[in-house]
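The structure appears right after this line, and notes come after that.
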Amino acid sequence: MLRVSRSTLLSMVLATTLPGLAVAETPLFSTDGYRIALYRSPTPVQVDGARIIDTPQLQALLQQPAKPLLIDVYRRQWLQGRFIEDEPHANLPGSLWLANTGDGELTEQWQAYFVGHLQHASAGRHDMPMVFYCRADCWLSWNAVKRAAALGYSDLYWYRDGLDAWQAAGLPVNRAQPAPLRSPSE
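Counted the way the numbering used here counts, the sequence shown spans residues 475 to 660.
Pasting the structure below:
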């Protein structure tokens with residue numbers, strides 16, 4: 475007959491239940507209200523400070539005389555001071571790719587990257603129309619558009635289904651490179 479001590483049994487029970495508890499207790503949002511975990515999961519149908527648009531609405535915006543800035547916030551690995559292209563990335567034609575700026579908590583470096591490029595791309599106009607996107611079911615663009623609203627930008631759109639919806643509609647994409655991580659005026 476197999477004999478198991480109480481301490482061994484307790485260790486086995488804890489080893490199987492504690493990892494699940496740690497995941498369940500991981501907060502999804504920062505104290506500032508940004509999503510900080512499980513970025514690829516269903517997204518809400520609204521975001522404070524921006525209007526949600528779909529593909530036909532984005533196409534209509536792109537036909538307007540004052541075309542919006544298209545801002546892709548999909549992640550790209552950053553290692554030893556440079557972006558690592560582990561796989562090709564495509565985005566909507568004419569987009570500014572501000573990689574890694576949709577994370578819920580930005581370091582000073584990434585916050586400055588985001589602020590500097592928005593300032594430069596908008597020529598300092600806080601009323602410049604801007605469309606933020608990533609992929610479908612991706613919180614990165616939700617965070618980024620919320621962050622832009624907090625910076626005082628006022629004509630904001632969230633293309634909630636992003637690149638996936640654009641490609642599903644058979645619309646063209648371009649191979650993309652992230653904006654350089656330096657001052658845009660350099």
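All C-beta atoms in this analysis are idealised placements derived from N, C-alpha and C, irrespective of residue type, glycine included.
8 Å or more divides the Cβ of Leu566 from the Cβ of Val619. If one requires a minimum length of 3 residues, the beta strand (DSSP E) runs lying completely within the region 610 to 646 are 630 to 633, in chain order. With a threshold of 16 other beta carbon atoms within 10 Å, Thr500 falls short and is exposed.
By the criterion of a C-beta distance shorter than 8 Å, Ser515 is surrounded in its chain by Asp611, Trp613, once the five residues flanking it on both sides are discounted. Assignment of beta-bridge partners to Leu553 by DSSP yields Arg556.
Annotation: the continuous beta strand (DSSP E) that includes Val605 extends over 604 to 607.
With at least 16 other beta carbons inside 10 angstroms of its own, Val547 counts as buried. Inclusion of Met604 and Leu630 in the CB contact set at 8 Å is warranted, their separation being smaller than that value.
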